[in-house]
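Participant:
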Amino acid sequence: MTVRTRVAPSPTGDPHVGTAYMALFARALALQHGGQFVLRIEDTDVARSTEASEQNILSSLSWLGLTWDEGPDCGGPHGPYRQSERLSIYREHVDQLVQDGHAFHCFCTAERLSEMRAAQVAAKQTARYDGHCMSLSREETERRLSAGEENVVRMKVPHEGNCTFNDRLRGEISIDYAQVDMQVLLKSDGFPTYHLAVVVDDHLMGITHIIRGEEWIPSAPKHKLLYEYFGWEMPELIHMPLLRNPDKSKLSKRKNPTSIRFYERMGFLPEAMINYLGMLGWSMPDGEEKFSMDEMYEAFDVDRISLGEPVFDVDKLRWLNGRWLRESLSDEEVADRLSDWALNRSNLLAVLPIIKERIDVLSDVVPMTGYLASGMPDIDETDFD
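Sequence positions in the sequence shown follow this note's numbering and run 3 to 387.
Okay, here's the thing in structure tokens:
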């Protein structure tokens, strides 16, 4: 079996360090076994997805050295690698589920669903779809579809019993089907939800191992059911612990910079970033804290991934970055890195049209653009009041 892993970010904002964290370990597993690492763009959130965000994801992962074998920029035999370009594929598969009796059209209005959930919460019940439209006859469903009535497609979920699945790091996990919602698979606008698209894409792209955050564990029963409905083999699941702030809260930009671009612009080294992300979830057999990506991949063992809560501490990252600067780079190499960082050509090209009419000699540029070499500005929302 050829090991194939993937990272599948959504282009809805700045590239998150959590994306790089998952990509690092997914790539490590693939390379360790001589396999392939795939980059897929999950851009079905039409309102929030942007081309600029996608380009930032690609450039940030490339800056870190997390290159991929197949993706939206380089193509591959399993494309397209953007979900927005795969809509006909999802439509075909959701139609198959409906035809086979594993999914159904739901015509419930937003008002009815809101009232249903409010009643369930008041009764201290799990908020989940009540199956109202599941009992509609084929004739009634066809009539309402022909009339153009707005609808979604939901998956069927057993009323009782447990879903049991295996996680490589955690062993056997069992979740009561009573806690699993009849998930919407296809929205009224024809776009799939994450749960349909991820299962279809992972299967058609030949993904064998899924490394993702532990927040997806409650969704695993839905995904396992879909694999069973389609008659496909489910990839091996590896749920990683989430990155945390020093106070153990979930990593968020309110308490810690989470954008990869922030650390690039502040002058952190990609080698140090990769080293730090690697040591958050894993450790070298000899206990050495400073190691390169190649050294990590050579010694990597997925079963040694830690289930402890990894704390993303910027001070620890700065300390490690300092070690890389002092111990691994010559003076010439530091000078080259500093020049590339401070005199970033793309940044200069962005500001030159604004300042060009105000300079007489090149040295006039310095006081006007000094902020470009000072990292990210220390500002918050109050500065815009």
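C-beta: ideal position from N, C-alpha, C; glycine also.
Does the distance from the CB of Q185 to the CB of T128 come in under 8 Å?
Facilitator: Cβ atoms of Q185 and T128: not closer than 8 Å.
Participant: For W326 and A274, I'd like the C-alpha separation in whole angstroms.
Facilitator: If you take the alpha carbons of W326 and A274, they lie about 6 Å apart.
Participant: I'd like to check one pair, G280 with F270: are the Cβ atoms closer than 8 Å?
Facilitator: In this structure, G280 does not lie closer than 8 Å to F270 by Cβ.
Participant: Expressed to the nearest angstrom, what Euclidean distance is found between the alpha-carbon atoms of V123 and Y131?
Facilitator: Cα to Cα, V123 sits roughly 12 Å from Y131.
Participant: If you reduce the DSSP assignment to three classes, tell me which class V363 lands in.
Facilitator: In this structure, V363 counts as coil in the three-state DSSP scheme.
Participant: Only counting the same chain, and skipping five residues up and downstream in sequence, which positions put a Cβ closer than 6 Å to that of A222?
Facilitator: Within the same chain, A222 has close Cβ partners F167.
Participant: Strictly by DSSP, which residues pair up with D105?
Facilitator: Looking at the sequence itself, residue 105 is Ala, so the reference to Asp does not match. A105 is bridged to M157.
Participant: Under 8 Å, with one C-beta from each stretch per pair, do the region 201-214 and the region 99-109 reach the 3-pair mark?
Facilitator: Too few Cβ pairs lie closer than 8 Å, so no.
Participant: Please state whether DSSP places V202 in a helix, a strand or coil.
Facilitator: Helix.
Participant: What are the partner residues of G215, as DSSP defines its beta bridges?
Facilitator: Answer is M242.
Participant: Measure the alpha-carbon distance for C76 versus F27 and round it to whole angstroms.
Facilitator: Each residue's alpha carbon lies about 21 Å from the other.
Participant: Counting contacts by CB-CB distance shorter than 8 Å, is L66 in contact with chain C?
Facilitator: Protein chain content of the structure displayed is limited to a single chain, and chain C is not contained in it.
Participant: Find the nearest neighbour of R267 within the set Q34, S55, W65, judged by alpha-carbon distance.
Facilitator: Of the candidates Q34, S55, W65, the one whose C-alpha sits nearest the C-alpha of R267 is W65.
Participant: Go ahead and label S341 buried or exposed: buried means 16 or more other beta carbons lie within 10 angstroms of its beta carbon, across all protein chains shown.
Facilitator: Counting Cβ neighbours within 10 Å, S341 comes out exposed, since fewer than 16 surround it.
Participant: In whole angstroms, what is the alpha-carbon distance linking M236 and K226?
Facilitator: Approximately 7 Å, taken between the alpha carbons.
Participant: Count the other CB atoms within 10 Å of the CB of F386; is the residue buried (16 or more) or exposed (fewer)?
Facilitator: Here the model assigns F386 a pLDDT of 43, short of 50, so the residue's position is not dependable and the matter cannot be decided.
Participant: By a C-beta neighbour count over all protein chains shown, 10 Å radius and 16 as the cutoff for buried, is A337 buried or exposed?
Facilitator: It counts as exposed.
Participant: Distance, Cα to Cα, L331 vs I276?
Facilitator: Going from the Cα of L331 to the Cα of I276 covers about 16 Å.
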